[in-house]
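For the sequence shown, the numbering used here begins at 702 and goes up steadily by one.
Every residue gets a Cβ at the ideal spot worked out from N, C-alpha and C, and that includes glycine.
The model shown is predicted, which means the values in this text are computed figures rather than measured ones.
So the structure is just underneath, and the comments pick up after that.
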Amino acid sequence: MPTLNGAIVLVTGANGGIGTHFVREALARGASKVYATARNPRTWDDERVVPLTLDITDPDSIRAAVEAAGDVTVLINNAGASVSSPGILTHTDEEIRANVETNFLGPLFLARAFAPVLAAKDESVIIDIHSALSWYATSGIYSATKAALWSATNSLRLELAPAGVHVIGVHVGYVDTAMAAHHTGPKTDPADLVRSVFNAVEAGEYEVLADEASVNLKAGLSAPIEAVYPQLATTSA
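Structure representation (structure tokens):
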């Protein structure tokens, strides 16, 4: 089974609330090195953390990261973009492009770039952070790009399994970070989320449903579309 003990981890979006917990928890579980990446990396108080500049929407930046971090055994695609409005027709061109590039193309291109590195290692792992909204299209382009990443993760899992790369997809609703500050309902503690993800890594699991919302939404995928979106019954009445 994969393990974090002795692993060399790369975290995208490491400056954020979830990313910071990924860095700290990886170290707590014995990672020997963590590349903490961001467009503008911060400083850390542990010599095992290597700040690394990475813009996942920039092909040159991705290539530079692969050259700088050729010893990675665990890749965590955590960086993401959100939107300011729920309806897909109300998003600006900039929001649509930012979500496609950050939530879908960036993780896919990063996984493709690191695939040869990971395939050359024993017990290597890719972790993709999706969203419960992968299965619930109420957040417009954000939902659409997270759904696309979910599909891409399934494809990556199938293609990389023969090379010994274990691919995990993570679904979670609102997490108690700055990105979800506007939400007043239940939120998952980012520390709890990260622990559940790393527990799944070490148990050899393929998917993490980190909260009740994710469990319920996945269960509802086989339901009639009107059951998933009851507002359709109202509009067609």
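Using the three-state DSSP reduction, which class does residue 919 fall into: helix, strand or coil?
Helix, per DSSP.
Report task. Rank 919, 869, 842 and 811 by C-alpha distance to the C-alpha of residue 758 and give the top, closest one. Result -> Looking only at 919, 869, 842 and 811, the smallest Cα-Cα distance to residue 758 is reached by 811.
Fill in: Proximity below 8 Å, CB of residue 771 to CB of residue 712
With a cutoff of 8 Å on beta-carbon distance, residue 771 and residue 712 are scored as not near each other.
Notebook entry, point to check: Can you name the residues that DSSP bridges to residue 825?
Noted result: Residue pairing from DSSP places residue 825 in a beta bridge opposite 866.
What is the rounded straight-line gap between the Cα of residue 728 and the Cα of residue 900? Cα to Cα, the separation comes out at about 14 Å.
From residue 753 to residue 734, what distance separates their C-alpha atoms?
Take the alpha-carbon of residue 753 and the one of residue 734: they are about 12 Å apart.
(request) Would you please state the rounded distance, in angstroms, between the beta carbons of residue 848 and residue 840? I believe it to be under 8 Å. (result) Not really, about 10 Å apart at Cβ, beyond 8 Å.
Q. Are the stretch 775-786 and the stretch 795-803 touching by the rule of at least three beta carbon pairs closer than 8 Å?
A. Taking a cut-off of 8 Å for Cβ pairs, the stretch 775-786 and the stretch 795-803 touch, as three or more such pairs fall below it.
Candidates 724, 707 and 709: which alpha carbon is nearest residue 894's?
Each of 724, 707 and 709 was checked against the Cα of residue 894, and the nearest Cα belongs to 724.
### Message
One question on the structure: do residue 764 and residue 814 come within less than 8 Å of each other, judged by their Cβ atoms?
### Response
Yes.
Report task. Take the Cβ of residue 791 as the centre, count every other Cβ of all protein chains shown within 10 Å, and call the residue buried at 16 or more, exposed below. Result -> A residue is called buried when at least 16 other Cβ atoms come within 10 angstroms of its Cβ; residue 791 does not meet this threshold and is exposed.
Q. Buried or exposed: where does residue 788 fall if 16 or more other Cβ atoms within 10 Å of its Cβ makes it buried?
A. That one is exposed.
Backbone secondary structure at residue 748 - three-state DSSP: Of the three classes helix, strand and coil, the one that applies to residue 748 here is coil, per DSSP.
For this session: Count the other CB atoms, across all protein chains shown, that sit within 10 Å of the CB of residue 916; report buried if there are 16 or more and exposed otherwise.
Result: With fewer than 16 other Cβ atoms inside 10 Å of its own Cβ, residue 916 counts as exposed.
Closer than 7 Å: residue 797 CB and nearest the ligand MN heavy atom
With respect to the ligand MN, the structure shown offers nothing to examine, as it has no ligands at all.
DSSP state of residue 908 mapped onto helix, strand, coil: Residue 908: strand per DSSP, three-state reduction.
Assuming contact is defined by CB atoms lying nearer than 8 Å, are residue 908 and residue 870 in contact in what I supplied?
Result yes, Cβ atoms of residue 908 and residue 870 sit closer than 8 Å.
Practice task
Check residue 793 in the structure and name its three-state DSSP category.
Solution key: Looking at residue 793 - three-state DSSP - the assignment turns out to be coil, as it is neither helix nor strand.
Would you tell me roughly how many angstroms separate the C-alpha atoms of residue 751 and residue 736, rounded to the nearest one? Near 5 Å, if we compare the C-alpha coordinates of residue 736 and residue 751.
Leaving out five residues before and five after residue 716 in sequence, what residues of the same chain have Cβ atoms less than 7 Å from its Cβ?
A distance below 7 Å between beta-carbons, with the five flanking residues on each side excluded, links residue 716 to the following residues of its chain, in chain order: 739 and 743.
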